[in-house]
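Add 1423 to the 1-based position in the sequence shown for the working numbering, that's all there is to it. All residues carry an ideal CB built from backbone N, CA and C; glycine is no exception. Report on the structure given below.
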Amino acid sequence: MSDLLAAVRGCTFDDFLLAPRFSVLERRDPKSIDLSARFSQHVSLKVPIVSANMDTITRSAMAVVLAEEGGLGVIDRGFRGGDIAAQVREVEIVKRTQHGVIPDPYTISPEDSLASASRTMQKSGVGTLVVVDGARKLKGLLTARDVRFVAGQKRVSERMTPLDKLVVHKGEISLDEAEQVMIQRKIKKLPLVDHQGVLIGLITAKDIIEQKRLPLATRDAQGRLRVGAAIGAKGDYLERAAELIKAGVDVLVIDIAHGHSVVMAKALEAFRARFGDVELVAGNVATEEGARYLAERGVNGIKVGIGPGGGCTTRLNTNFGVPQLQALVECRMAVGDRIPLIADGGIKRDGGIIEALLFGGDTVMLGNAFAGTTETPGETVHKSVVLPESQKVVRVPFKVFRGMASIGAMVDRLDVEDADSVDVETLGAEGLEFSVPLRGSARPVISGMLKHLSSSISYGGAAGLGELKKMFWERPEDYMIKLSESGRRESFER
Ligand code: XMP
């Protein structure tokens, strides 16, 4: 193993090719190949791809796409000063996108007016309200159809479908059984009650259809999409964590530029003291010592990468950092298989994904690779671009992509962490800001990555990602081809 460390010292993605081996796969279809991975000790994914917690990459829209495709999105914390509610809202949107059983469906009382029912439907975007009395006993269902064209002062009880006309299930039920009930009884909604008739949940046909349509999706025990969220290590981070946990976040990420630090140690201690064993990832680190430091402090996952990111100027400005493949090997050696590693940053082409995963990452975190997609936050701006062939000027839509330590991003969240140091010149920015042409949804970007990843597994002579990683770590020398300058040009310059 120390040979491997020596071989990757000073090296990153473009320094190696991988030697092809006898292929055992007859099809390279991502749906038939096991690509599953652990994001953290208790959060597993069917697809090892994560979107970066950057304010120009991941908010709810991106997090929904990632979770539906089998990966995970981590919502950034770069909201305006002290604005915890905005980040919490993004988490809530993801958690309410899909359900298995809805444990807390929107409810209304039989005595309420239809006008108030209409308002609740509009505000929540939900077309069916469960009617319950003061003791939460089920009384009926009220749908958007029931309130349409009806005078506002009428009571809910006058228009709802009453309990004696409803199909109701007593106790818990699996989604497969619920589907059978829905088919047999020709219903779209199945309320669940306990033995006293108290509402304990709701299953909808729409949610069952979604569960089948997206078999790889990353879901929690209740069938909701999973989502992560970043917090800092200072300022409002504990309060932010408390609110995010209340909103149902699946994993928190303490994300600071230099995670091997006294600041991180204090933050981890305070976090564990207050929140116990809530799933927690921390970073970033890039050395054996750094990874061990976090492991000893009980984190559930480690984010690896100091300065490889596409929007990042840390290495230019400070001359500190570790080439990403070396960083991954070091951190993997430090923690073994005990703690999952997130290979964060620097992946510029799909081939870099398999490298990051083989050299030590369990998942890859991507920023730049998703820049300019429809699901990224931020406004679209139109710029005039001259076409080289015709010299014609055309208006092209762009979106901004920026490092989280760029001046723009730092000024935007100044009052969260650095309320005392509003002097922009002293910020020491370590990130870039640039515009990227719009290029449609992130979904085809992800499916392209998965096809390429499946091909990599086929070339590597394995039947699945886990198997290829095992084969690689048993005999890395069979795979690694250190490139000469001309080998690199032949491989990656097009
Ligand atoms: P890619 O290459 O996928 O990397 O865009 C995403 C990761 O880059 C990191 N990041 C930064 N690093 N200064 C840095 O030193 C920055 O301003 C910055 N912004 C993002 C971050 O780890 C992200 O996940």
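Quiz prompt | CB contact flag (leucine 1613, methionine 1605, <8 Å) | solution = Here the question's residue 1613 lines up with position 190 in the sequence shown. Here the question's residue 1605 lines up with position 182 in the sequence shown. Going by C-beta atoms, leucine 1613 is nearer than 8 Å to methionine 1605.
Self-check item: Proximity to lysine 1611 [Cα-Cα], best of Ser1909, Asp1630 and Pro1867
Solution: In the sequence shown, the residue the question calls residue 1611 occupies position 188. Checking every option, the nearest Cα to that of lysine 1611 belongs to Asp1630.
Self-check item: Stretch pair the region 1805 to 1821 + the region 1855 to 1874: three plus CB contacts closer than 8 Å
Solution: yes
Quiz item: Can alanine 1656 be considered in contact with the ligand XMP, in the sense that its beta carbon sits closer than 7 Å to one or more heavy atoms?
Solution: For the purposes of this step, residue 1656 is identified with residue 233 of the sequence shown, where counting begins at 1. The answer is no for alanine 1656.
Self-check item: Where the beta strand (DSSP E) containing serine 1929 begins and where it ends
Solution: Residue 1929 is absent from the structure shown; the chain starts at 1424 and stops at 1917.
Practice problem: Name all residues in chain order for which at least one heavy atom of the ligand XMP lies closer than 6 Å to the residue's CB. | Solution: Ala1475, Met1477, Ala1680, Asn1707, Gly1728, Gly1730, Gly1732, Gly1733, Gly1734, Cys1735, Thr1737, Asp1767, Gly1768, Gly1769, Ile1770, Met1788, Leu1789, Gly1790, Asn1791, Ala1792, Gly1826, Met1827, Ala1828, Ser1829, Glu1853 and Gly1854
Self-check item: For threonine 1551, the first and last residue of its enclosing alpha helix (DSSP H)
Solution: If you number the sequence shown from 1, residue 1551 lands on position 128. Per DSSP, threonine 1551 belongs to no alpha helix (DSSP H); it is in the beta strand (DSSP E), 1551 to 1555.
Practice problem: With DSSP as the reference, please indicate the residues paired to lysine 1657 in a beta bridge. | Solution: Locating residue 1657 in the sequence shown gives position 234, where the first residue counts as 1. DSSP output for lysine 1657 lists no bridge partner at all.
Quiz prompt | Residue burial classification, histidine 1805 (beta-carbon count within 10 angstroms, cutoff 16) | solution = Taking the first residue of the sequence shown as 1, we reach residue 1805 at position 382. With fewer than 16 other Cβ atoms within 10 Å, it is exposed.
Practice problem: Report the option in Pro1811, Ala1540 and Gly1594 whose CA atom is closest to the CA atom of isoleucine 1626. | Solution: Start at 1 with the first residue of the sequence shown, and residue 1626 comes out as number 203. Comparing Cα-Cα distances from isoleucine 1626 to each of Pro1811, Ala1540 and Gly1594, the minimum goes to Gly1594.
Practice problem: Name the two residues that bound the continuous beta strand (DSSP E) containing valine 1752. | Solution: Sequence index remark: in the sequence shown, residue 1752 carries index 329 (1-based). That residue, valine 1752, is in no beta strand (DSSP E); its alpha helix (DSSP H) goes 1747 to 1758.
Exercise. For glycine 1706, write down the residues that DSSP places opposite it in a beta bridge.
Key: Within the sequence shown, numbered from 1, the residue matching residue 1706 stands at position 283. Its beta-bridge partners are Asp1678 and Lys1726.
Practice problem: Name, in chain order, the residues that DSSP records as bridge partners for glutamate 1890. | Solution: Within the sequence shown, residue 1890 is the residue found at index 467, counting from 1. None; glutamate 1890 has no bridge partner.
Quiz item: Nearest CA to the CA of isoleucine 1537: which residue from Arg1568, His1522 and Glu1778?
Solution: By 1-based counting over the sequence shown, the position of residue 1537 is 114. A small correction: the amino acid at residue 1537 is leucine; isoleucine does not occupy that position in the sequence shown. Out of Arg1568, His1522 and Glu1778, Arg1568 has the C-alpha closest to the C-alpha of leucine 1537.
Quiz prompt | 8 Å CB neighbourhood of glycine 1523 in its chain, flanking five on each side removed | solution = In the sequence shown, the residue the question calls residue 1523 occupies position 100. Excluding positions up to five away in sequence, the list reads Leu1598, Ile1626, Asp1630, Gln1634, Arg1642, Gln1645, Gly1646 and Arg1647.
Quiz item: How big is the Cα-Cα spacing for valine 1708 and glutamate 1753?
Solution: As a first step, residue 1708 must be located in the sequence shown, where it is residue number 285. As a first step, residue 1753 must be located in the sequence shown, where it is residue number 330. Looking at the two C-alpha atoms, the distance is approximately 10 Å.
Exercise. Determine the DSSP secondary structure at arginine 1636, reduced to helix, strand or coil.
Key: Within the sequence shown, numbered from 1, the residue matching residue 1636 stands at position 213. It is helical.
Exercise. Pick out the complete beta strand (DSSP E) segments inside the region 1477 to 1560, 3 residues or longer, and give them in chain order.
Key: 1495 to 1498 and 1551 to 1555
Quiz item: CA-CA distance, glutamate 1913 and isoleucine 1777?
Solution: If you number the sequence shown from 1, residue 1913 lands on position 490. If you number the sequence shown from 1, residue 1777 lands on position 354. Going from the Cα of glutamate 1913 to the Cα of isoleucine 1777 covers about 19 Å.
Quiz item: Any chance the region 1767 to 1784 sits against the region 1488 to 1504, with 3 or more Cβ pairs inside 8 Å?
Solution: no
Practice problem: Please classify lysine 1609: is it buried, with 16 or more other beta-carbons within 10 angstroms of its beta-carbon, or exposed? | Solution: For the purposes of this step, residue 1609 is taken as the residue at position 186 of the sequence shown. Burial call: exposed.
Quiz item: From what residue to what residue does the alpha helix (DSSP H) around glutamate 1712 run?
Solution: Position 289 of the sequence shown, counted from the first residue, corresponds to residue 1712. Where glutamate 1712 is concerned, the enclosing alpha helix (DSSP H) stretches over 1711 to 1719.
Practice problem: Using only the heavy atoms of the ligand ZN, determine whether one of them is closer than 7 Å to the beta carbon of alanine 1430. | Solution: Ligands displayed in this structure: the ligand XMP; the ligand ZN is not among them.
Quiz item: Nearest-angstrom Cα distance between leucine 1448 and valine 1727?
Solution: Mapped onto the sequence shown, residue 1448 falls at position 25. Mapped onto the sequence shown, residue 1727 falls at position 304. Answer to the nearest angstrom: the Cα atoms are 31 Å apart.
Quiz item: So leucine 1691 is in the alpha helix (DSSP H); what residue range does that whole segment cover?
Solution: For the purposes of this step, residue 1691 is taken as the residue at position 268 of the sequence shown. Looking at the DSSP string, the run of the alpha helix (DSSP H) that includes leucine 1691 is 1685 to 1698.
Exercise. Would you check if the region 1578 to 1591 and the region 1653 to 1669 touch, i.e. whether three or more CB-CB distances between them fall below 8 Å?
Key: no
Quiz item: What do you reckon, are the CB atoms on leucine 1826 and glutamate 1798 nearer than 8 Å?
Solution: Taking the first residue of the sequence shown as 1, we reach residue 1826 at position 403. Taking the first residue of the sequence shown as 1, we reach residue 1798 at position 375. Correcting the residue identity first, residue 1826 is glycine in this sequence and not leucine. For glycine 1826 and glutamate 1798, no; Cβs fall outside 8 Å.
Quiz item: Applying the criterion that 16 or more other CB atoms from any shown protein chain within 10 Å of the CB defines a buried residue, is alanine 1696 buried or exposed?
Solution: One-based indexing of the sequence shown puts residue 1696 at position 273. Per the 10 Å Cβ criterion, exposed.
Practice problem: Determine the direct distance from the alpha carbon of glutamate 1534 to that of valine 1554, and round the result to whole angstroms. | Solution: Position 131 of the sequence shown holds residue 1554. Position 111 of the sequence shown holds residue 1534. For valine 1554 and glutamate 1534, the distance between alpha carbons rounds to 10 Å.
Exercise. Indicate the three-state DSSP secondary structure (helix, strand or coil) for histidine 1618 in the structure shown.
Key: Counting from one through the sequence shown, the residue named residue 1618 turns up at place 195. If DSSP states are grouped into helix, strand and coil, histidine 1618 belongs with coil.
Quiz item: When you compare each of Val1497, Leu1717 and Gln1464 to alanine 1757 by their alpha carbons, which one comes out closest?
Solution: Residue mapping note: residue 1757 aligns to position 334 of the sequence shown, counting from 1. It is Leu1717 whose Cα lies nearest to the Cα of alanine 1757.
Quiz prompt | valine 1431 beta carbon less than 8 Å from that of lysine 1667 | solution = Here the question's residue 1667 lines up with position 244 in the sequence shown. Here the question's residue 1431 lines up with position 8 in the sequence shown. For clarity, residue 1667 is leucine in the given sequence; the question names lysine instead. It is not a contact, given that the beta carbons lie outside the stated cut-off.
Quiz prompt | Range of the contiguous alpha helix (DSSP H) that encloses valine 1579 | solution = Here the question's residue 1579 lines up with position 156 in the sequence shown. It spans 1579 to 1582 - the alpha helix (DSSP H) in which valine 1579 sits, taken as one unbroken run.
Exercise. Report the residue from Ala1484, Val1809 and Ile1596 whose alpha carbon sits nearest the alpha carbon of aspartate 1617.
Key: Numbered from 1 along the sequence shown, position 194 holds the residue referred to as residue 1617. Cα-wise, what sits closest to aspartate 1617 is Ile1596.
Quiz prompt | alanine 1750 to glutamate 1711 span [Cα, whole Å] | solution = On the sequence shown, residue 1750 is found 327 positions in, with the first residue counted as 1. On the sequence shown, residue 1711 is found 288 positions in, with the first residue counted as 1. Cα to Cα, alanine 1750 sits roughly 8 Å from glutamate 1711.
Exercise. Buried or exposed for alanine 1865, please, with buried defined as at least 16 other CB atoms from any protein chain shown within 10 angstroms of its CB.
Key: Counting from 1 along the sequence shown, the entry for residue 1865 is found at position 442. Classification for alanine 1865: buried.
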